[in-house]
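In our numbering, the protein residues as written are 2 to 210.
For every residue, glycine included, the Cβ atom is placed at its ideal position computed from N, Cα and C.
These numbers come from a predicted model, not from an experiment.
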Amino acid sequence: MNRKWLGFELSELKSWNAFVRLMNRPEDPSSLAIFRICFGLIMLIDIPNERGMSDADTEYGSNSLCHFPLIHSLRPLPVEWMVILYAIMFVGAIGIALGLMFRFSCLLFALPYWYIFMLDKTTWNNHSYLYGLISILLLISDANRSLSVDALISRRLRNTHVPLWNYCLFRTQIFLVYFMAGLKKTELDWVQGYSMTNLAHHWVFDPFK
């Protein structure tokens, strides 16, 4: 198996030092930048809908939240502050898409995201969990080196290469989430179709009916 198929040669894994050199190999930053932009734009759609920004006043004005084990003491802020928190997260998603004050924008998004995520156990699903993980990985990545406001302002960042580990982090994380989700589909609930009974009524599947 050669570099053409794997992106690296197996000989580059023969020792720890070789692996470190491989992970720090410079790569083009444009694909990572496109991933960053797409993530930010998707979050701008996700926050008002899936995250509950549009109905924050009713959801957090009641005591109907189902708490995660071990963090029962975590409670929502007053409704007015929850709306502000959503606004901060929304601004963070804009900053991520634009690559503006990138790491600060990642923090503005990630901190409220995880707080809101942990408030209600019923909102858990694999892609929501993945979004939160991606926000943390973006924080430690160099995804603002291309197609970003930061790169326009700073010549030091503009179109400079990113180390390969930036790409490997996201590839590995997305693979793990969807590999485990695939294993989940081997359970009887999915094989016999029970899990699709209610899911099939979701508007997302309307074009396929």
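Under DSSP, PRO79 forms no beta bridge with any residue. Here CYS39 is exposed, its C-beta having fewer than 16 other C-beta atoms within 10 Å. Residue SER136 holds the alpha-carbon nearest to the alpha-carbon of ILE95 among SER136, SER196, VAL178 and MET197.
By the neighbour-count criterion, in which 16 or more other beta carbons inside 10 Å mark a residue as buried, ILE141 falls on the exposed side. C-alpha of SER196 to C-alpha of ASP190: approximately 5 Å in a straight line.
Boundaries of the alpha helix (DSSP H) around LEU153: 150-154.
Check the Cα spacing between GLY100 and each of ALA19, TYR114, ASP207 and LEU33: the tightest is with LEU33. One Cα belongs to SER149, the other to SER16, and the distance between them is close to 36 Å.
Membership of VAL205 in any alpha helix (DSSP H) is not indicated, and neither H nor E is assigned to it by DSSP. A distance below 8 Å separates the beta carbons of PHE118 and SER129.
With a cutoff of 8 Å on beta-carbon distance, ARG146 and THR161 are scored as near each other. Non-local beta-carbon contacts of LEU158 in its own chain, meaning distances under 7 Å to residues more than five positions away in sequence, involve ASN145, ARG146, ASP151 and ALA152 in chain order. In the DSSP annotation of this structure, the continuous segment of the alpha helix (DSSP H) that includes THR173 starts and ends at 165-185. In terms of CA proximity to TYR132, TRP115 leads the group ASP143, ASP121, LEU200 and TRP115.
Residue environment: LEU109 is assigned as buried (16 or more neighbouring CB atoms within 10 Å of its CB, all protein chains considered). DSSP places SER196 outside any alpha helix (DSSP H), giving it a letter other than H or E. Scanning its chain for C-beta atoms nearer than 8 Å, with the 5 sequence neighbours on each side dropped, one finds around ILE89 the residues LEU109 and PRO113, in chain order.
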